[in-house]
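First comes the structure, then the notes that go with it.
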Amino acid sequence: MEIKLITVGKTDVPWVREGLELYASRLKHYIPFSVVEIPELKKVSALTQAQIKEKEGELILKLTGPQELLVLLDEHGHEFRSLEFAEHLQKLLSRGAKSLVFVIGGAYGFSDAVYNRSCERISLSRMTFSHQMVRTIFAEQLYRAFTILKGEPYHHE
């Protein structure tokens, strides 16, 4: 089993990239972890929001295989406390899929095809964060979940 994080757009904020790299390197002690960045679409000013979601959705779906569990980070998804997320992550990992793939969409969300392909949606908060910041925040939460599952002294309840 491995975990992939698919993101739409590149990270151009240095501290966000550094934070993501920090938690990605820590996660590799627990599970193979990779980040796949889908380049932002070109000439989007000529496209509608629906067209942008469709094109981004096609790129997301090309990166996911049938043996992978697809979980969307979505503002309308289920919210977890950190301990609950750790337990839920354990259940997802035990489902026997080749990979567990988390996806951070673009500014307009996901296409219907991506929603239909996913097994669930998770929300990090009722607040809205930039798509770049979510990468680091989510990677930290994954790391926190693994330390909870291993009984390591990172999380304090």
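Under the working numbering, residue 733 is the last one in the sequence shown; the count climbs by one each step, no gaps. Cβ atoms here follow ideal geometry from the backbone N, Cα and C, with glycine treated the same way. As the structure is a computational prediction, the values presented were derived from the model and not from experiment.
Item: Sub-9 angstroms separation of leucine 648 and glycine 682 beta-carbons; Value: no
Item: Bridge partners - leucine 648, DSSP secondary structure assignment; Value: Val679, Arg697
Item: Cβ-Cβ separation, phenylalanine 661 to alanine 721 (assumed contact under 8 angstroms), whole Å; Value: 5 angstroms
Item: Three CB pairs or more closer than 8 angstroms across the segment 609 to 619 and the segment 662 to 670; Value: no
Item: Selected residue, minimal CA-CA separation from arginine 657, among Ala673, Ile724, Thr640, Ser601; Value: Ile724
Item: Terminal residues of the beta strand (DSSP E) in which serine 610 lies; Value: 609 to 614
Item: Limits of the unbroken alpha helix (DSSP H) element including threonine 712; Value: 707 to 725
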